[in-house]
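Participant: Respectively, the protein sequence lines represent chains H and V.
full-length UniProt numbering numbers the first residue of the first sequence as 1 and each following residue consecutively.
full-length UniProt numbering numbers the first residue of the second sequence as 1 and each following residue consecutively.
Don't be surprised by glycine CBs; every beta carbon is placed ideally from N, CA and C.
From a predicted model like this one, the values you see are computed outputs, not experimental measurements.
Protein chains: 2
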Amino acid sequence: MDKIVRIDMGAAGGPKVSFEPVGEYAGLGGRAVTSLIISKEVNPLCHPLGDENKLVIAPGMLSGTSGAMSGRLSVGCKSPLTGTIKESNAGGQAAQVLARIGYAAIILEGKPKGDDLYKIIVTPDDVKVEIDNSLKLLNNYPLIEKLRAQYGDKVAYMSIGSAGERLMLASSIACTDPELRPTRHCGRGGVGAVMGSKRVKAIILDDAGRKQRAPKDPEAFRDANRIFVEGLRKHPVTGEGLPAYGTNVLTNVLNEAGGYPTRNFTSGVFEGGAKLSGEALAEMEIKRGGKATHGCHRGCVIQCSGIFNDKDGNYLTKQPEYETVWAHGGHCGIDDLDTVAKLDYMDDNFGLDTIEMGVTIGIAMQAGLAEFGDSEGAIRLLEEVGKGTPLGRTLGSGAGITGKVFGVEKVPVVKNQAIPAYDPRPIQGIGVTYATTTMGADHTAGYAIATNILKVGGDVDPLGTEGQIELSRNLQIATAAIDSTGMCLFIAFAILDQPETFQAYIDMLNAFYGTELTADDVVELGKKVLTAERDFNKRAGFTSADDRLPRYFYTDPIAPHNQTFSMSDEELDGVYNW
Amino acid sequence: MDKIVRIDMGAAGGPKVSFEPVGEYAGLGGRAVTSLIISKEVNPLCHPLGDENKLVIAPGMLSGTSGAMSGRLSVGCKSPLTGTIKESNAGGQAAQVLARIGYAAIILEGKPKGDDLYKIIVTPDDVKVEIDNSLKLLNNYPLIEKLRAQYGDKVAYMSIGSAGERLMLASSIACTDPELRPTRHCGRGGVGAVMGSKRVKAIILDDAGRKQRAPKDPEAFRDANRIFVEGLRKHPVTGEGLPAYGTNVLTNVLNEAGGYPTRNFTSGVFEGGAKLSGEALAEMEIKRGGKATHGCHRGCVIQCSGIFNDKDGNYLTKQPEYETVWAHGGHCGIDDLDTVAKLDYMDDNFGLDTIEMGVTIGIAMQAGLAEFGDSEGAIRLLEEVGKGTPLGRTLGSGAGITGKVFGVEKVPVVKNQAIPAYDPRPIQGIGVTYATTTMGADHTAGYAIATNILKVGGDVDPLGTEGQIELSRNLQIATAAIDSTGMCLFIAFAILDQPETFQAYIDMLNAFYGTELTADDVVELGKKVLTAERDFNKRAGFTSADDRLPRYFYTDPIAPHNQTFSMSDEELDGVYNW
């Protein structure tokens, strides 16, 4: 990972590939690389779909090594959905392969004049950019099938579906999993539209002949990795709950906590929750010959994913995540897992963020385009998005725009990005994260659910305001660092609770890079990343007034706790005072 | 005008009317009243269509007097289109009648829970709020016809069409002209949606038995008014150009100056300009038995409007304004006045801002929904808005959202409001106003065209950067003051050029109120209004980063001058340094 490849898609005479040393980004990865490059190189006032925006693709610091859980890929740009800086990450094989090929980043810049569509083939020897108009408007599943016929199964694919090509603000970038399915998505913030604006349909990553990246101290790395893996296996969340039931183990938990936003955030409890639960999902998966336990990339020891087969036992989609089940399920008053799985498949195929689309369909239901609970209606609305009809294009623009178009006042968005599966009124800590993260509403940016609800890393009363600012601040800093290492965020459960697992994580970094990082250095890395992101957003025109939840969270209490969001403006403005 | 009537549409048990003394707003009017009240009473972070927003309706300081040109009505709120404070003003009879009834302001606040539709009847004795669901989804022409059957012709009507009821962000509030036609619109910023969110369909203003407001010094007032009128009649713009050809006299002027934005701002000259010109329009109007000279309210001595009859000699619409002819004409590559007039009628009927809708249809053409120059296509698209189809609702959300939904990068908006009929690249002064006004792109907020192109009030080279900041600053201050007096902005041509006309304008104010205002005091009033507006916007989260044109105006030169917008950020940030 000592090089960066820069591809100017707008160069006169066709795309131009150039290579440069990794320079100031040496030893960094993932979100640190994407956010530092975007903050430095991109005009914060540019149009996100214009030629001044860039799309930076970066594997994590430990991606491509034998270290467990190191398969996250970061994608960064100015977001067309939020207008902020954006880092969106995904699992799948892309990070591992790209890291082994040896690139710390691919930077896509400029945009071509015509409407030719391109694919990029990255190998250890070369980077080729080729026109391939036969791929136009293919969705992800048929697209990958077509590419596999040419490039085979020993590569990793990144791609956009029709949504990204149509520049939809809810569009994602798909990464293939070990079985070459386009199921792992950099979902949030419309990163697919940025790739689409540069007319790049697919990136084929081929590390043929390359081995895993070698640590400076192989023995220490192996030892640290062993302790790290042991720690993940012994923690109840990463060793039991997630492997058995996936992220959807949270449905019952959040429903019981009264923090499960139901029918467009009008109740904190969904009466159909049990039918959507991780327990019900796992049972269904196993019964139909799918899998309740599966890894999204090689080297994963948590295996929180699964395989969802349809009623006939045929593959339909990967195990939908908790947030997907919520967005397409309880948020829309739908309690049918087959419907949710079909919508998950459609999102993956069209190349859409499941959270944004589920929330958007709920807003469409609020506007009367379908009834809450209407499975067929939800499928029909999502089909419109796939077809690119005027209605579909509006829905594909996300919840904020759909709410404006259809005159819905109460729309759960922060910085125009949909609030995910945790109501911030009964769980104030996650509300702090939604309001203040540099990303727009994003649970992963500072997952206060861990401490507010799961009691991991301490215990902060979800209903109270005390301790929430510190909690969100510390989690946002830790997350920015973890997102830079290429580690799956789920390691946080174990490293927050188990000091020896946290130490093993640090030891892995040091053994690999020959450094002597301490916990404080990791914190400093997180702060450095957040500072660059905040600076970008400030120059883009964001102020503390944007670091707020929509008004109705402050004025409308929600059952069963009948509470509003109670964090004061002054408290929220203190998150970044460290 | 010593009282304010406040109507809480959301009161438990139904709308509640209360009266209060004018208090701190005594002696003020129009924009000063709307902006000071909104800035003081409305939470800048509220949802514009929620119950915390207010709609303030205020006649000008001299409205309802015998003073010429004093018929402008201001409407203020937080704009659902821009998110900023908004003052949108219109001619017609409403300001005169409301002022004679004696209200300095009507404040609509709260919103009702159900979907009943209301009308408000304001008389000297009473203010009644009545449910009238028979008015639901009526457009303005049939609505006013129905109301006239009940309330007659000696009143003034304010109303929203289907667009406002549907909460469209481009929706307007219509005011009837002397012939009771709903042709004068508070057009910009989606004020119709705010009225619609409060479920108020129409306001009937009945000043039965009331006389004109009496000046403190009737004789001095009469004398000043006479000099003022003489000044208007002798100035070439207000005495000749506007009466003969209306505002559309500008088509040839702007086209010759290379500042006429053609086909979505891709050229500064439209080859079909002559066919759209004020000269051609006046000839057509007269030939068909319409009128080329007509006043929008009693007491107007400029008479810049007209009556446009169709080919059969039947009334179709009022004379479309220059900006309307441009938006539906040259911006869309359409050179047919009958098409433009039909679109103008449809906008008035549905209750839509002609500028926003014309620009939006041009964006839809850019996206491929119709060809540039396709009259039938433009009409078909606007019909969708009238029907409230999903496509229509998207278009009715304005140019910014339409651009996002259809993936159009180059969309001429500032603060999400469409840039009107003057390209800011060959006319830098108007670009300064677009970028920095508190209103989102708005030519009327500081009409630099006067000095850049018409050479009124001096001569500042439109292509250069020198003097543009001072020009826009001074015009923005003067405009904020004029918008407070209830005077039509077109008096500016005469008062900028003729010191005795300016003095007569001041004398009218002093004779009416018994004050001793100087020119400096008028400037201070303008600054006070702008300061309150800027403060609101700042609290709403707007920063200097929002005081910019879209990026492509800085990067894409436009023919024939092949110039980009050249004002530096530092210069723009200096507009409000006074």
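(1) V/Lys40: buried (16+ other C-beta within 10 angstroms of its C-beta) or exposed?
(2) Sorted by chain position, which residues of the same chain lie with C-beta nearer than 8 Å to V/Lys154's C-beta, five sequence neighbours on each side aside?
(3) Taking Cβ-Cβ distances below 7 Å as the criterion, which residues of the stretch 369-403 of chain H are in contact with chain V?
(4) Hey, does H/Thr543 have any beta-carbon neighbour from chain V nearer than 8 Å?
(5) According to DSSP, is H/Gln306 part of a helix, a strand, or is it coil?
(6) Under a CB-based cut-off of 8 Å, is V/Asp338 close to chain H?
(7) Keeping to the same chain, check which residues put their C-beta closer than 7 Å to that of H/Ser566; ignore five residues upstream and five downstream.
(8) Under 8 Å by Cβ, that's how I've got V/Ala95 and V/Gly110 pegged, so tell me the actual separation to the nearest angstrom.
(9) Alpha carbon to alpha carbon, how far is V/Asn248 from V/Pro215?
(10) Answer with yes or no whether the minimum CB distance from V/Arg263 to chain H is below 8 Å.
(11) Does H/Ala421 pass the burial test, meaning 16 or more other C-beta atoms within 10 Å, or should it be called exposed?
(12) Among the candidates H/Asp336, H/Asp338, H/His331, H/Gly388, whose CA atom is the shortest distance from the CA of H/Ile364?
(13) Determine, for H/Asp546, whether the minimum Cβ-Cβ distance to residues of chain V falls below 8 Å.
(14) Candidates H/Gly388, H/Thr293, H/Phe221: which alpha carbon is nearest H/Leu137's?
(15) Which residues mark the beginning and the end of the beta strand (DSSP E) in which H/Met158 is found?
(16) How many Å lie between V/Lys528 and V/Tyr505 at the Cα?
(17) Considering only C-alpha positions, which residue in the set H/Gly541, H/Ala11, H/Thr293 is nearest to H/Phe308?
(18) Could you name the residues of the stretch 514-544 of chain H whose beta carbon sits closer than 9 Å to any beta carbon of chain V, in the order they occur along the chain?
(19) Could you check if V/Ala149 is buried or exposed, using at least 16 other CB atoms within 10 Å of its CB as the buried criterion?
(20) Could you spell out where the alpha helix (DSSP H) holding V/Ser88 opens and where it closes?
(21) Just verifying my parser: in three-state terms, what is the DSSP assignment at H/His294?
(22) Which first and last residues belong to the beta strand (DSSP E) in which H/Ile173 is found?
(23) Report the option in H/Thr564, H/Thr543, H/Leu343, H/Pro390 whose CA atom is closest to the CA atom of V/Arg539.
(24) Would you call V/Asn474 buried or exposed, if buried means 16 or more other Cβ atoms sit within 10 Å of its Cβ?
(25) Taking only three categories from DSSP, how would you classify V/Gln476?
(26) Looking at C-alpha atoms only, which residue of H/Ile4, H/Ala11, H/Gly13, H/Gly27 is the closest neighbour of H/Leu517?
(27) What does V/Pro550 reach in chain A if we use C-beta pairs closer than 8 Å?
(28) Name, please, each residue of chain V whose Cβ falls closer than 9 Å to the Cβ of H/Val413.
(29) Chain H beta carbons: is any one of them nearer than 8 Å to that of V/Gly407?
(30) Identify the contact partners of H/Gly50 in chain V, using a Cβ-Cβ distance below 9 Å as the criterion.
(31) Quick one: list the residues of chain H neighbouring V/Arg166, beta-carbon separation under 8 Å, in chain order.
(32) Looking at the structure shown, is H/Ile121 part of a helix, part of a strand, or coil, going by DSSP?
(33) List the whole-angstrom C-beta distance separating V/Ile558 from V/Asp423, where the pair is believed to meet the contact cut-off of C-beta under 8 Å.
(34) Just to confirm the assignment, what range does the beta strand (DSSP E) spanning V/Tyr447 have?
(35) With a threshold of 8 Å between beta-carbons, can H/Leu169 be considered close to chain V, or not?
(36) Can you grab the Cα-Cα spacing for the pair V/Glu371 / V/Leu281, in whole Å?
Facilitator: Quick answer:
(1) Along the second sequence, read from residue 1 onward, the residue named residue 40 of chain V stands at position 40. Exposed, because fewer than 16 other Cβ atoms sit within 10 Å of the Cβ of V/Lys40.
(2) Here the question's residue 154 of chain V lines up with position 154 in the second sequence. Contacts found: Asp206, Ala208.
(3) Pro390, Leu391, Arg393, Thr394, Ser397, Ile401
(4) Position 543 of the first sequence, counting from 1, holds the residue named residue 543 of chain H. Closer than 8 Å to some Cβ of chain V, the Cβ of H/Thr543 qualifies, so yes.
(5) Counting from one through the first sequence, the residue named residue 306 of chain H turns up at place 306. One point to set straight first is that residue 306 of chain H is Gly, not Gln, in the sequence displayed. In the three-state scheme derived from DSSP, where H, G and I count as helix and E and B as strand, H/Gly306 is classed as strand.
(6) For the purposes of this step, residue 338 of chain V is identified with residue 338 of the second sequence, where counting begins at 1. The C-beta of V/Asp338 comes no closer than 8 Å to any C-beta of chain H.
(7) Within the first sequence, the letter at position 566 stands for residue 566 of chain H. Gln428, Thr465, listed in sequence order.
(8) As a position in the second sequence, residue 95 of chain V is number 95, starting the count at 1. As a position in the second sequence, residue 110 of chain V is number 110, starting the count at 1. Actually they do not touch by this definition, with Cβ atoms about 25 Å apart.
(9) Reading the second sequence from its first residue, position 248 is the one you call residue 248 of chain V. Reading the second sequence from its first residue, position 215 is the one you call residue 215 of chain V. Cα to Cα, the separation comes out at about 35 Å.
(10) As a position in the second sequence, residue 263 of chain V is number 263, starting the count at 1. No, no contact with chain H.
(11) Working through the first sequence from its first residue, we reach residue 421 of chain H at position 421. Looking at its Cβ environment, which holds 16 or more other Cβ atoms inside 10 Å, H/Ala421 is buried.
(12) Looking up residue 364 of chain H in the first sequence gives position 364. Here the sequence assigns Ala to residue 364 of chain H, which means Ile is not the residue at that position. Taking each of H/Asp336, H/Asp338, H/His331, H/Gly388 in turn and checking the Cα distance to H/Ala364, the smallest one comes out for H/His331.
(13) For this step, residue 546 of chain H is matched to residue 546 along the first sequence. Judged by the 8 Å Cβ criterion, H/Asp546 is in contact with chain V.
(14) For the purposes of this step, residue 137 of chain H is identified with residue 137 of the first sequence, where counting begins at 1. With distances taken between Cα atoms, H/Leu137 lies closest to H/Gly388.
(15) Sequence index remark: in the first sequence, residue 158 of chain H carries index 158 (1-based). Per DSSP, H/Met158 belongs to the beta strand (DSSP E) from 156-159.
(16) Translated into the one-based positions of the second sequence, residue 528 of chain V becomes position 528. Translated into the one-based positions of the second sequence, residue 505 of chain V becomes position 505. One C-alpha to the other measures close to 19 Å.
(17) Residue 308 of chain H sits at position 308 when you count from the first residue of the first sequence. Taking only the C-alpha atoms, the option nearest H/Phe308 is H/Thr293.
(18) Lys538, Arg539, Ala540, Gly541, Phe542, Thr543, Ser544
(19) By 1-based counting over the second sequence, the position of residue 149 of chain V is 149. It is exposed - the Cβ of V/Ala149 has fewer than 16 other Cβ atoms within 10 Å.
(20) Here residue 88 of chain V refers to the residue found at position 88 when the second sequence is read from its first residue. No alpha helix (DSSP H) contains V/Ser88, which is instead part of the beta strand (DSSP E) from 85-90.
(21) By one-based count along the first sequence, residue 294 of chain H stands at place 294. Looking at H/His294 - three-state DSSP - the assignment turns out to be strand.
(22) Taking the first residue of the first sequence as position 1, residue 173 of chain H is located at position 173. 173-175 is the extent of the beta strand (DSSP E) around H/Ile173.
(23) Along the second sequence, read from residue 1 onward, the residue named residue 539 of chain V stands at position 539. Of the listed residues, the one whose Cα sits closest to V/Arg539 is H/Thr543.
(24) Start at 1 with the first residue of the second sequence, and residue 474 of chain V comes out as number 474. V/Asn474 comes out buried.
(25) Looking up residue 476 of chain V in the second sequence gives position 476. Here V/Gln476 sits in helix by DSSP.
(26) One-based indexing of the first sequence puts residue 517 of chain H at position 517. Comparing Cα positions, the closest option is H/Gly27.
(27) This model lacks chain A altogether, as its protein chains are H and V.
(28) The residue given as residue 413 of chain H occupies position 413 in the first sequence. Using a Cβ-Cβ cut-off of 9 Å, H/Val413 is close to nothing in chain V; its nearest Cβ partner there is about 11 Å away.
(29) Translated into the one-based positions of the second sequence, residue 407 of chain V becomes position 407. True, the Cβ-Cβ gap to chain H drops below 8 Å.
(30) Indexing the first sequence from 1 puts residue 50 of chain H at position 50. Going along chain V in sequence order, the residues near H/Gly50 (Cβ under 9 Å) are Glu409, Lys410, Arg551, Tyr552, Thr555.
(31) Start at 1 with the first residue of the second sequence, and residue 166 of chain V comes out as number 166. Result: Gly407.
(32) Reading the first sequence from its first residue, position 121 is the one you call residue 121 of chain H. In the displayed model, H/Ile121 falls within a strand according to three-state DSSP.
(33) Taking the first residue of the second sequence as position 1, residue 558 of chain V is located at position 558. Taking the first residue of the second sequence as position 1, residue 423 of chain V is located at position 423. Contact between V/Ile558 and V/Asp423 holds, since their C-beta atoms are separated by about 6 Å, short of 8 Å.
(34) On the second sequence, residue 447 of chain V is found 447 positions in, with the first residue counted as 1. Per DSSP, V/Tyr447 belongs to no beta strand (DSSP E) and is neither H nor E.
(35) Your numbering for residue 169 of chain H matches position 169 in the first sequence. Output row for H/Leu169: interface = yes.
(36) Translated into positions along the second sequence, residue 371 of chain V becomes position 371. Translated into positions along the second sequence, residue 281 of chain V becomes position 281. Computed Cα separation, rounded: 24 Å.
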